[in-house]
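To start, the structure itself, in structure tokens.
Written as structure tokens, this is what we have:
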């Protein structure tokens, strides 16, 4: 069920996920596990632990995607960071966490991981594998329009030069504070992931965006996603074949949040 109530939370309360498919899983099996277990379980097993919004995207299987670019990305907002950590006192959350090992690389390189962000204050704060948020204001990422960029580091740039140029672009995006409700980025040695939340205003066909600034840097492989509102009209004990997940899918999962965490 979709929630029509706006409950904004701090940008500090988002886990930024970059997942790499287990080499033992072919893409078809990977998509099947995402659709029948992982994506729906993320919602259904964590609502009562305070999950606030969940936006998974599947770059895996897209033409020419480099293997060092994540196969799945996601942003998961919680009521607070403390809410997230307290979730591990619950059996459902501990059970859900174990499902990662059957889908993703969880040791070695490339490493699947999720991290909380820090506030972006220019180049010094943009470190490899440390997400940043650009606007220190609460927002509701289940509502409104999300745009998401996944891109590789251009082969013409060193990792340090790539990080420096991305940092400069993020500083320019911060100037869009009157047009964007939120923005989150994370840079790796070989890739960039970026999400922005635009205005809710209806009828805006070409919203102000920071995507172009970043795409000008990311001259190699890149893809822009617009997560689609997606509902799961089932309970965990219902007979249900699962979601149909394919290369390039991006979902903004819609659900009623627990009254305890509103």
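Numbering (the numbering used here), first residue to last: 15 to 276.
Glycine included, each C-beta is placed from N, C-alpha and C at the ideal position.
What number of angstroms, rounded off, separates the C-alpha of residue 43 from the C-alpha of residue 159?
Here residue 43 corresponds to residue number 29 of the chain shown, with the count starting at 1. Here residue 159 corresponds to residue number 145 of the chain shown, with the count starting at 1. Cα to Cα, the separation comes out at about 30 Å.
Output the distance between the C-alpha atoms of residue 27 and residue 154, rounded to the nearest integer angstrom.
Numbered from its first residue, the chain shown carries residue 27 at position 13. Numbered from its first residue, the chain shown carries residue 154 at position 140. Roughly 11 Å separates the two Cα atoms.
Length of the line joining the Cα atoms of residue 61 and residue 100
Taking the chain shown and counting its residues from 1, the one referred to as residue 61 is at position 47. Taking the chain shown and counting its residues from 1, the one referred to as residue 100 is at position 86. Computed Cα separation, rounded: 13 Å.
For residue 151, count neighbouring C-beta atoms within 10 Å of its own C-beta (all shown protein chains included) and say buried if the count is 16 or more, exposed if not.
Residue 151 sits at position 137 when you count from the first residue of the chain shown. Exposed, since its Cβ has fewer than 16 Cβ neighbours within 10 Å.
Under a three-way DSSP split, which group does residue 146 fall into?
Against the chain shown, residue 146 aligns to sequence position 132. Strand.
Between which two residues does the beta strand (DSSP E) containing residue 70 stretch?
Along the chain shown, read from residue 1 onward, the residue named residue 70 stands at position 56. Residue 70 -> beta strand (DSSP E) spans 65-71.
Expressed to the nearest angstrom, what Euclidean distance is found between the alpha-carbon atoms of residue 91 and residue 78?
Residue 91 sits at position 77 when you count from the first residue of the chain shown. Residue 78 sits at position 64 when you count from the first residue of the chain shown. Taking the straight line from one Cα to the other gives about 30 Å.
Going straight from the alpha carbon of residue 108 to that of residue 58, what length do you get?
The residue you call residue 108 lines up with position 94 of the chain shown. The residue you call residue 58 lines up with position 44 of the chain shown. Going by the C-alpha atoms only, they are around 13 Å apart.
Where DSSP assigns a beta bridge to residue 159, which residues make up the other side?
Here residue 159 corresponds to residue number 145 of the chain shown, with the count starting at 1. For residue 159, which the question treats as bridged, DSSP gives the partners 212.
By how many angstroms is the C-alpha of residue 252 removed from the C-alpha of residue 200?
As a working mapping, residue 200 is identified with position 186 in the chain shown. As a working mapping, residue 252 is identified with position 238 in the chain shown. When rounded, the distance between both Cα atoms is 37 Å.
Could you round the C-beta distance between residue 23 and residue 128 to whole angstroms and report it? I think they count as a contact, below 8 Å.
Against the chain shown, residue 23 aligns to sequence position 9. Against the chain shown, residue 128 aligns to sequence position 114. At roughly 17 Å, the Cβ-Cβ gap does not stay under 8 Å, so residue 23 and residue 128 are not in contact.
Just curious, the beta strand (DSSP E) that residue 237 is in, first and last residue?
Within the chain shown, the letter at position 223 stands for residue 237. 236-239 is the extent of the beta strand (DSSP E) around residue 237.
Over the uninterrupted alpha helix (DSSP H) stretch that includes residue 98, give me the two end residues.
Here residue 98 is taken as the residue at index 84 of the chain shown, counted from 1. Start and end: 95-100.
Kindly indicate the opening and closing residues of the beta strand (DSSP E) around residue 29.
Position 15 of the chain shown, counted from the first residue, corresponds to residue 29. Residues 28-33.
Along the chain, where does the beta strand (DSSP E) that runs through residue 57 open and close?
The residue labelled residue 57 in the question sits at position 43 within the chain shown. Element bounds for residue 57: not the beta strand (DSSP E) but the alpha helix (DSSP H), 53-58.
Output the distance between the C-alpha atoms of residue 275 and residue 64, rounded to the nearest integer angstrom.
The count along the chain shown starts at 1 and reaches residue 275 at position 261. The count along the chain shown starts at 1 and reaches residue 64 at position 50. Computed Cα separation, rounded: 6 Å.
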